[in-house]
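Comments concern the structure below.
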Amino acid sequence: MGIVKKRGMLMTHRTHVVIDRTLDSVLKQFAIPTIFALTTGIAPVTASAQGVERSGKDVVEESCFTCHGSGANGAPKIGDKQAWAKRASQGLTGLTKNALNGIRQMPPHGGNINLTDTEIERAITYMVNQSGGNWTEPVSRTARASERTGEQIVLARCVKCHQTGEGGAPRIGDREAWIPRVKEGLDVVVRSAIQGHGGMPARGGQADLTDAEIRSAIVYMFNKGTVQTGGTAAAAAVPATKADGMHKVIAGTEIDLGIVSAESIRARHPTPDYESSMHGGIPSGKAYYHLNISLRNSDNKAVIKDAEVEARVANPVTGVETKKLELMEIGSAISYGNYFRMPEKTPYTIMVQVRKQGSSQAIEAKFDFKHD
C-alpha cells in the first residue's frame, strides 16, 4: 500500500514507476579478515595530510618495515609463514587490538598515532598475505563505495537463471517476457526482487545488493540487446504500451513518467480500500489513466520528496487538462500522481512542471505519449 498526501490527509496507492537507466547509491562492504601486529616508530606522511586512507602496502613500507622487514625486537618477519600463521589464528580483530594498544616492544599504533584503524587493519592484512595468507584488504569506513553497474551485477549473479530462462525467469533482453512484469511499474518489480518470489531468493541470493543495484540490474536485463547497429540507440526505458514511461534529466533532476489505465487499477481493487480511494477514487469509464512522476537528484540519486509537481496533458482533439500531482509513498518508493482523461489514439503532449523546495525556478519536461 502507498500513502498519498493531500490537504493534510494520508491515503495509499501503488505507484507505477517506469524503468530508468540509473542506479541509485551502493552498500558498503566489510572485508573478511584475520591477523597480527605492527611495529616501528616511523611516521612519515599522515593520513589526514593525504586526505585518503592508504593501502596496506603503503603503510607497511612507511611505518612497519623497520621491524617487520628484519624481525627486529621480536617482530614476526614479513615472509615468515610459520611466525605469521601462529598469529593469524587470533583473527584480524585480535591482532588489530594488539596493534592499537601496543604489545611487547611495539608501541601503540606502531608508533605512528596518525594511522587510522582501517590503515592498521590493512597493514596487518598485507603482511599476512605476504607470509602465506589469503585475506581480503578492509574497505574504507569513510569513503563512498564504488557503485556496481547493472551489467556487473547481472554478469556476476543474475545470468545463472536469466540467461537461459531457468525456473521461468525472464531471459535477458526478452522484452516479451519482461513487459508483463514491468507494466505495473519498475518499483513493483524491484520490490519483488528484494523480497524474493517463486524460485528466486531474496535479493537474488546476494545479500549485499542494495535496492538501487537491484534496480540497475533489472533495467539492464530489460534493455539488453536493444541497441541497433550503426550506433543508433534504440533502447527505450520501458515498452511502448499503455504503461509506457520515459526518462528525462533536466537541471540535475531525473524525471520519470509512467502511465497505467484506471481500468486495470479498478480490476485489481474490486472492493473499496485505501488505494482505490486515492485522488478522490478511481474514475469510472475506460478513458482514464493514472499519470505518475518519480523524481531523483541526478548527482546522488536521492529521491525528491518535497516538490510541487503539475502536469498538463494536451491532445489536438480533447484539448488540455492540467492537474497537480499528489505525493504518494510505498515503503521507500515515493512519487507523484493523478488521473487524467486520455481517450484518443492521437498523440498526447505531456508537460510536467517541477518546483523543488527552496528553488526559485521551476523545471519543465516534455513527454510525448500515444496509446497502442
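Each residue of the sequence shown is one higher than the last, beginning at 527 in the working numbering. For each residue, glycine too, the CB sits at the ideal point set by N, CA and C.
What does the alpha-carbon distance come out to for the pair E663 and A728? Indexing the sequence shown from 1 puts residue 663 at position 137. Indexing the sequence shown from 1 puts residue 728 at position 202. One C-alpha to the other measures close to 28 angstroms.
Could you have a look at T651 and say whether DSSP puts it in helix, strand or coil? In the sequence shown, counting from the first residue as 1, residue 651 sits at position 125. Residue state, collapsed to three classes: helix.
Residue span of the beta strand (DSSP E) that contains N818, given as start and end: As a first step, residue 818 is located in the sequence shown; it is residue number 292 there, counting from the start. Per DSSP, N818 belongs to the beta strand (DSSP E) from Y814 to N823.
Ordered list of alpha helix (DSSP H) runs contained in the segment 595 to 620, each at least 4 residues: Listed in chain order, the complete alpha helix (DSSP H) runs (minimum 4 residues) inside the segment 595 to 620 are 607 to 614.
Measuring only the C-alpha atoms, how far is G658 from G600? As a working note, residue 658 is residue 132 in the sequence shown. As a working note, residue 600 is residue 74 in the sequence shown. Cα to Cα, the separation comes out at about 19 angstroms.
Assuming S666 contacts G636 under a Cβ cut-off of 8 angstroms, what Cβ separation, rounded to an integer in Å, is found between them? Indexing the sequence shown from 1 puts residue 666 at position 140. Indexing the sequence shown from 1 puts residue 636 at position 110. 19 angstroms between Cβ atoms; not a contact.
Under 8 angstroms between C-beta atoms of I781 and A891: Residue mapping note: residue 781 aligns to position 255 of the sequence shown, counting from 1. Residue mapping note: residue 891 aligns to position 365 of the sequence shown, counting from 1. A contact, by the Cβ cut-off of 8 angstroms.
Can you check DSSP and say which residues form a bridge with V829? The residue given as residue 829 occupies position 303 in the sequence shown. Answer by DSSP bridge pairing, in chain order: R822.
Nearest to A598 (by Cα), restricted to the options A614, I650, R630 and C684: Here residue 598 corresponds to residue number 72 of the sequence shown, with the count starting at 1. By alpha-carbon distance to A598, the top candidate from A614, I650, R630 and C684 is R630.
Could you pull out every residue in the same chain whose Cβ sits closer than 6 angstroms to the Cβ of K583, ignoring the five residues on either side in sequence? Your numbering for residue 583 matches position 57 in the sequence shown. Hits under 6 angstroms: Y652.
Inspect the beta-carbon positions of T622 and I650 and report whether they are closer than 8 angstroms. Here residue 622 is taken as the residue at index 96 of the sequence shown, counted from 1. Here residue 650 is taken as the residue at index 124 of the sequence shown, counted from 1. In this structure, the beta-carbon distance from T622 to I650 falls below 8 angstroms.
What three-state label does DSSP hand I698 in the structure shown? For this step, residue 698 is matched to residue 172 along the sequence shown. It is coil, neither helix nor strand.
Quick check: the segment 673 to 680 against the segment 707 to 722, are there 3 or more CB pairs under 8 angstroms? Segments in contact, no.
If we ignore side chains and look at the alpha-carbon of each, how far apart do P559 and D606 end up? Counting from one through the sequence shown, the residue named residue 559 turns up at place 33. Counting from one through the sequence shown, the residue named residue 606 turns up at place 80. Residue placement at P559 cannot be trusted, given a pLDDT of 31 that sits under 50; the coordinates are not used to answer.
Cβ neighbours of I808 in the same chain (closer than 7 angstroms, five flanking residues each side left out): The residue given as residue 808 occupies position 282 in the sequence shown. If the five residues before and after I808 are omitted, its C-beta is found closer than 7 angstroms to the C-beta atoms of A788, I791, R792 and S802, all from its own chain and listed in chain order.
Sequence-distant residues of its chain with Cβ nearer than 7 angstroms to I639 (five each side left out): Taking the first residue of the sequence shown as 1, we reach residue 639 at position 113. Hits under 7 angstroms: none found.
Is the segment 864 to 876 in contact with the segment 738 to 752, if contact means three or more CB pairs nearer than 8 angstroms? Result no; under three Cβ-Cβ pairs closer than 8 angstroms.
So the candidates are K882, Y874 and Q879; which of them puts its Cα closest to the Cα of F895? Within the sequence shown, the letter at position 369 stands for residue 895. For the options K882, Y874 and Q879, the alpha carbon positioned closest to that of F895 is the one of Y874.
Check R794 in the structure and name its three-state DSSP category. Counting from one through the sequence shown, the residue named residue 794 turns up at place 268. Taken through DSSP and simplified to helix, strand or coil, R794 comes out as helix.
Mind checking which residues open and close the beta strand (DSSP E) that includes I876? In the sequence shown, residue 876 corresponds to position 350, counting from 1. In the DSSP assignment, I876 falls within the unbroken beta strand (DSSP E) covering Y874 to R881.
Express the C-alpha separation of V846 and V878 in angstroms, rounding to a whole number. Walking along the sequence shown from the start, residue 878 turns up at place 352. Walking along the sequence shown from the start, residue 846 turns up at place 320. Per the coordinates, the alpha-carbon of V878 lies some 13 angstroms from the alpha-carbon of V846.
Whether E587 touches E645 by CB criterion (8 angstroms): Translated into positions along the sequence shown, residue 587 becomes position 61. Translated into positions along the sequence shown, residue 645 becomes position 119. In this structure, E645 does not lie closer than 8 angstroms to E587 by Cβ.
Could you tell me the boundaries of the beta strand (DSSP E) in which R729 lies? Stepping through the sequence shown from its first residue, residue 729 is reached at position 203. Where R729 is concerned, there is no enclosing beta strand (DSSP E), given that its DSSP letter is neither H nor E.
By Cβ distance below 8 angstroms, which residues in the same chain neighbour V876 in space, the five residues on each side in sequence not counted? Position 350 of the sequence shown holds residue 876. In the sequence under discussion, the amino acid at residue 876 is Ile, which differs from the Val named in the question. Around I876: L783, L817, A837, R838, V839, A840, K892, F893, D894 and F895.
Go ahead and pull the three-state DSSP assignment for H897. Counting from one through the sequence shown, the residue named residue 897 turns up at place 371. Coil, per DSSP.
Outcome for N655 when other beta-carbon atoms lying within 10 angstroms are tallied against a minimum of 16: The sequence position of residue 655 within the sequence shown is 129, counting from 1. Per the 10 Å Cβ criterion, buried.
From the DSSP output, which residues share a beta bridge with K850? Residue numbering aside, residue 850 sits at position 324 when the sequence shown is read from its first letter. According to DSSP, K850 bridges with E836.
With 8 angstroms as the threshold, decide whether the Cβ of S861 is near any Cβ in chain D. Reference to chain D is not applicable here, since this structure consists of a single protein chain.
Between which two residues does the alpha helix (DSSP H) holding S742 run? Residue numbering aside, residue 742 sits at position 216 when the sequence shown is read from its first letter. Run containing S742: D737 to N749, per the alpha helix (DSSP H) assignment.
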